[in-house]
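K.L.:
First the structure, then my questions, so here it is.
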Amino acid sequence: IRREFELGHLMPVPDIFKLLEEKDIYVFKRPFQNTQISALYRRQKNNCLIIINSARTLGHQIFSAAHELYHYYFNREMTARICKVDTPNSKDLDETMADLFASHFLMPDEGVIELAESRKNKKNKLDVTDVLFIQHFFNVSYKAMIRKLSELGYIEDINLYLNIPVQKLSEKLGYDIKIYQPTNDYYCSKNYLNLVIDVYELGLLSEKRANEYLGDVGLSFDNIAVEPIEGECFYE
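Mapping the sequence shown onto this note's numbering, position 207 (from 1) lands on 195, and the numbers just tick up by one.
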């Protein structure tokens, strides 16, 4: 799938949310009151919708989006799923596989090894600045990266890397610290917005009904420049 998107083995995923929309997936973001939920997945025939919890950190959101991409490709029969935060004891094979897919898709072994080999010390280990360099290169969460490096044998004791103020250190080293913070933003799928506008302009939706669909994502015709369509609407 990385080859399908022409990412190769080293290139980081530039924008996972845009990538999902390129697959005609309707992507939305909004903060959930329940912060234990990472994302919601919904599929009906060929239509797929994903809602990402923006109350989680940006790094977590990116991982969640890649997790949902697994469901899109490999759980074609799945119609709905609530994906929760860190459920390692779950016996749900689909969720386990989705997490593994997200890890390999965002942090391919070959690419991580290539960078780690170029930065390791004489004991074949990495210090925190090396971990931060690789983390920010692949634009993933710090925790996801240390887990990956541990799996590949570059980190022996993950706990030694967990009690470090990585956000402050990253800021001092000149990295963008947005990856560590919740965004709490609202994002409406461009595909969804275009679909509502197109159907309205074809005269298949009344302005009232179109506003209802736009209202579901916090928008209205007052927010967007659309000329009213004269003539009969087929569906109210």
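For glycine and all other residues, C-beta sits at the position ideal for the given N, C-alpha and C.
#1: With a CB to CB cut of under 6 angstroms and the five nearest residues on each side skipped, what residues in its chain are close to Tyr149?
#2: Closer than 7 angstroms by C-beta to Ile217: which residues in its own chain qualify, once you throw out the five before and the five after it? Chain order, please.
#3: Leu94 and Val128 look like a contact to me (Cβ under 8 angstroms); what is the Cβ gap, rounded to whole Å?
#4: Does the region 13 to 22 come into contact with the region 36 to 54, if we say contact requires no fewer than three beta-carbon pairs (one atom in each stretch) closer than 8 angstroms?
#5: Along the beta strand (DSSP E) that carries Ile70, what are the first and last residues, could you check?
#6: Select from Ser138, Val100, Asn109 and Lys108 the residue whose C-alpha is nearest the C-alpha of His124.
#7: Is it right to say Gln49 is buried, meaning 16 or more other beta carbons lie within 10 angstroms of its own, or is it exposed?
#8: Are the CB atoms of Asp87 and Asn277 within a distance shorter than 7 angstroms?
#9: Verify whether the separation of the beta carbon atoms of Tyr29 and Arg69 is less than 7 angstroms.
#10: Quick check on the burial criterion: 16 or more other C-beta atoms within 10 angstroms. Buried or exposed for Pro96?
#11: Measuring only the C-alpha atoms, how far is Asn22 from Arg44?
#12: For the region 111 to 120 against the region 135 to 154, do three or more pairs of beta-carbon atoms, one drawn from each stretch, fall closer than 8 angstroms, so that the two count as touching?
#13: Please determine, among Asn112, Lys110, Lys113 and Ser158, the residue with the shortest C-alpha to C-alpha distance to Tyr130.
#14: Alpha carbon to alpha carbon, how far is Leu207 from Ala90? Give it in angstroms, no decimals.
#15: Suppose you measure from the CA of Asn112 to the CA of His92; what does that come to, to the nearest Å?
#16: Terminal residues of the continuous alpha helix (DSSP H) containing Ile134?
#17: Return helix, strand or coil for Gln32, following the three-state DSSP convention.
#18: Assuming Lys17 is part of the beta strand (DSSP E), what are its boundary residues?
#19: Would DSSP call Leu192 helix, strand or coil?
#20: So what does DSSP say about Ser42, is it helix, strand or coil?
#21: Using the DSSP secondary-structure output, state which residues sit across from Pro170 in a beta bridge.
#22: Buried or exposed for Glu(-6), please, with buried defined as at least 16 other CB atoms from any protein chain shown within 10 angstroms of its CB.
#23: At which residues does the alpha helix (DSSP H) containing Asn147 begin and terminate?
P.N.:
Taking the structure as given:
#1: If you number the sequence shown from 1, residue 149 lands on position 161. Ile134.
#2: As a first step, residue 217 must be located in the sequence shown, where it is residue number 229. Annotation note: pLDDT 44 at Ile217 (below 50); position unreliable, no value reported.
#3: Residue mapping note: residue 94 aligns to position 106 of the sequence shown, counting from 1. Residue mapping note: residue 128 aligns to position 140 of the sequence shown, counting from 1. Their Cβ separation, rounded to whole angstroms, is 5 angstroms, which keeps Leu94 and Val128 in contact under 8 angstroms.
#4: They touch, by the three-pair rule.
#5: Stepping through the sequence shown from its first residue, residue 70 is reached at position 82. Here the beta strand (DSSP E) through Ile70 covers Ala68 to Lys72.
#6: Indexing the sequence shown from 1 puts residue 124 at position 136. Taking only the C-alpha atoms, the option nearest His124 is Val100.
#7: By 1-based counting over the sequence shown, the position of residue 49 is 61. Residue environment for Gln49: buried (at least 16 other C-beta atoms within 10 angstroms of its C-beta).
#8: What the structure shows of the chain is the stretch from -11 to 224, and residue 277 is not part of that stretch, so it cannot be assessed.
#9: Looking up residue 29 in the sequence shown gives position 41. Looking up residue 69 in the sequence shown gives position 81. A contact, by the Cβ cut-off of 7 angstroms.
#10: Along the sequence shown, read from residue 1 onward, the residue named residue 96 stands at position 108. With a 10 Å radius around the Cβ and a threshold of 16 neighbouring Cβ atoms, Pro96 comes out buried.
#11: What you label residue 22 is simply residue 34 of the sequence shown in a count that begins at 1. What you label residue 44 is simply residue 56 of the sequence shown in a count that begins at 1. The C-alpha of Arg44 is placed about 10 angstroms away from the C-alpha of Asn22.
#12: By the Cβ test, the region 111 to 120 is in contact with the region 135 to 154, since at least three Cβ pairs between them sit closer than 8 angstroms.
#13: Start at 1 with the first residue of the sequence shown, and residue 130 comes out as number 142. Nearest option by C-alpha distance: Ser158.
#14: Mapped onto the sequence shown, residue 90 falls at position 102. Mapped onto the sequence shown, residue 207 falls at position 219. Taking the straight line from one Cα to the other gives about 31 angstroms.
#15: As a working mapping, residue 112 is identified with position 124 in the sequence shown. As a working mapping, residue 92 is identified with position 104 in the sequence shown. Cα to Cα, the separation comes out at about 22 angstroms.
#16: The count along the sequence shown starts at 1 and reaches residue 134 at position 146. Per DSSP, Ile134 belongs to the alpha helix (DSSP H) from Tyr130 to Glu139.
#17: Looking up residue 32 in the sequence shown gives position 44. In the displayed model, Gln32 falls within a strand according to three-state DSSP.
#18: Residue 17 sits at position 29 when you count from the first residue of the sequence shown. Segment Ile13 to Arg18, the beta strand (DSSP E) holding Lys17.
#19: On the sequence shown, residue 192 is found 204 positions in, with the first residue counted as 1. Looking at Leu192 - three-state DSSP - the assignment turns out to be coil, as it is neither helix nor strand.
#20: Here residue 42 is taken as the residue at index 54 of the sequence shown, counted from 1. DSSP places Ser42 outside both helix and strand once states are collapsed to three, so it counts as coil.
#21: Within the sequence shown, residue 170 is the residue found at index 182, counting from 1. Answer is Thr45, bridged to Pro170.
#22: Here residue -6 refers to the residue found at position 6 of the sequence shown. Per the 10 Å Cβ criterion, exposed.
#23: Position 159 of the sequence shown holds residue 147. Residues Asn147 to Leu150.
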